[in-house]
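In this note's numbering, the protein residues as written are 11 to 308. The next block holds one structure in the form of structure tokens; read it before the comments.
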Amino acid sequence: MNKKLHLEKRILKISIVGSIVFMLAEGVMAYITRSNSILMDCIFDTADLIMVGPFLMLIPLLYKPVTEKHPYGYSQVESLFVIIKCVILLLITAQVMFYSIHIIFKGGNHVNGGVIAAFEMALSAGCILIYAILRHYNRMFSSPSIKADLYMWRMDIINSLGVGLTFTVQSTMDGTGFSWLIPYVDPIVAIVMAIVFSIEPVRMVINGIKNLVLFAPEEEIMDSIRNVINKHLENYPYTVNFLDVIQTGRKAWVGVYLKAESDCIRISQLKQAHAEIKKELTQHFDQIYIELIPESFE
């Protein structure tokens, strides 16, 4: 458990250092070029950085054991944190989008497309490097917060490449029949970025709310758990009557209500089946708790 805690802190620290470097670079370039697209990127990275910092202090809580006072541990704190983070990002994104629309109605924004294109291409190379490092560590250990952070870097890569290519095209418009479009390229790109950036945070907010109110996970997860349990119970005189699954944050609780083929229930069989099921499910879930519950005959 301490190894996982250390690894998660290392992953988030790498992300924080990368975010600080890129945020400062974007802030300086946004001021120099007066580009809404770069400003959008800078604000997005700043909001992400503000949220990741405090989360480092919350990580140790997520590894505290389940107790009678905290039957679900502190795993719901992570779900709440992801919701807050995504809502803040959505609000900021909406504000920048409306500002870009306002710029369009005022006649657009004249920027140096060549400079912005070169900067964004260099930025995308740096993002790819950080993403590759984080993805390497993510293969060793993953969590909802790390997945959210990886999403941010993935979007940064796509965004930087897209913006770089767009402004490369814009720099070729000068002196052509499309030159009238040049002032509108920057705010339009910022609006497109805002829309694209909003898709995943909305999905994460919905999933986070489900985790907070202890809804069952998605059908795909339920089916994978059910298949593993059924596979191992084939060797025992029990069948699954009902599956009760709760997932919040990185923790999952699985209650398996069993029907026995006879009135006799052997504890040794249940223990063996439990060990086999948990061993396989642990490969797919970071922290999972499993109960095999024989149903009473009525």
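Ideal placement from N, C-alpha and C gives every residue a C-beta, glycine not left out. Since the model is a prediction, treat every value here as computed from it, not as a measurement.
(message) Suppose you measure from the CA of Tyr109 to the CA of Thr258; what does that come to, to the nearest Å?
(response) Distance between Tyr109 and Thr258, taken at the CA atoms: about 36 Å.
(request) Look up Gly265 in the DSSP assignment and give the residues it is bridged to. (result) Asp254, Glu301.
(request) Would you list the residues sitting across from Tyr248 in a DSSP beta bridge? (result) According to DSSP, which records beta bridges pairwise, Tyr248 is partnered with Ala270.
(request) Just mark Gln293 as buried or exposed, buried being the case when its beta carbon has 16 or more other beta carbons within 10 Å. (result) Exposed: under 16 other Cβ atoms inside 10 Å.
(message) Using only the alpha-carbon positions, how far apart do Ala67 and Leu22 sit?
(response) A small fix is needed here, since residue 67 is Met in this sequence, not Ala. One C-alpha to the other measures close to 11 Å.
(request) Give the straight-line distance between the Cα atoms of Asp296 and Ile156, rounded to the nearest whole angstrom. (result) Going from the Cα of Asp296 to the Cα of Ile156 covers about 13 Å.
(request) Can you give me the Cβ contacts of Glu244 inside the same chain, cut-off strictly under 7 Å, excluding the 5 residues immediately before and after it? (result) Same-chain partners within the cutoff: there are none.
(request) Give the single residue among Ala204, Asp159, Glu305, Val255 whose Cα lies nearest to the Cα of Ile24. (result) Selected option, being the one with the closest Cα: Asp159.
(message) According to DSSP, is Glu228 part of a helix, a strand, or is it coil?
(response) When DSSP states are grouped into helix, strand and coil, Glu228 belongs to the coil group.
(request) With Gly218 as the anchor, note down where its alpha helix (DSSP H) starts and where it stops. (result) It spans 192–222 - the alpha helix (DSSP H) in which Gly218 sits, taken as one unbroken run.
(message) Assuming Ile123 is part of the alpha helix (DSSP H), what are its boundary residues?
(response) Reading off the sequence shown, one finds Gly at residue 123, where the question assumed Ile. That run of the alpha helix (DSSP H) goes 123–150.
(message) Short of 7 Å in beta carbon distance, which residues of its chain neighbour Pro227, apart from the five on each side in sequence? Order them along the chain.
(response) Val255, Gln257.
(message) Out of Ile275, Gly185, Glu210, Glu18, which one is the CA nearest neighbour of Met162?
(response) Among Ile275, Gly185, Glu210, Glu18, the Cα nearest to that of Met162 is on Glu210.
(request) Report the three-state DSSP secondary structure of Ile275 (helix, strand or coil). (result) Looking at Ile275 - three-state DSSP - the assignment turns out to be coil, as it is neither helix nor strand.
(message) Out of Tyr299, His112, Tyr248, Met150, which one is the CA nearest neighbour of Leu280?
(response) Selected option, being the one with the closest Cα: Tyr248.
(message) With a threshold of 7 Å on Cβ separation, who are the neighbours of Gly37 within its own chain once the five nearest residues in sequence on each side are excluded?
(response) Hits under 7 Å: Cys52.
(message) Mapping the DSSP letters down to three states, classify Asn237 as helix, strand or coil.
(response) Helix at Asn237.
(request) Please work out which residues of its chain come closer than 7 Å, Cβ to Cβ, to Asn240, disregarding the five sequence neighbours upstream and downstream, and give them in chain order. (result) Cβ neighbours of Asn240 beyond the five flanking positions: Val250.
(message) Please report the distance separating the alpha-carbon of Asn221 from that of Pro70.
(response) Near 20 Å, if we compare the C-alpha coordinates of Pro70 and Asn221.
(request) Kindly indicate which three-state DSSP category Gly117 falls into: helix, strand or coil? (result) Secondary structure of Gly117 (DSSP, three-state): coil.
(message) Whole angstroms are fine: how far does the CA of Ala35 sit from the CA of Phe311?
(response) Residue 311 cannot be examined here, being either before or after the span of the chain that is shown, 11 to 308.
(message) In whole angstroms, give me the CA-to-CA distance for Met165 and Leu191.
(response) Rounded to the nearest angstrom, the two C-alpha atoms are 26 Å apart.
(message) Once the 5 residues before and after Leu90 are set aside, which same chain residues still bring their CB inside 7 Å of it?
(response) Leu222.
(request) Check whether the segment 168–188 touches the segment 140–149, taking contact to mean three or more Cβ pairs, one atom from each stretch, closer than 8 Å. (result) Contact between the segment 168–188 and the segment 140–149 is absent, because fewer than three Cβ pairs lie under 8 Å.
(request) Between the Cα of Val27 and those of Val238, Leu175, Asp58, spot the shortest distance and give me the residue it belongs to. (result) Among Val238, Leu175, Asp58, the Cα nearest to that of Val27 is on Asp58.
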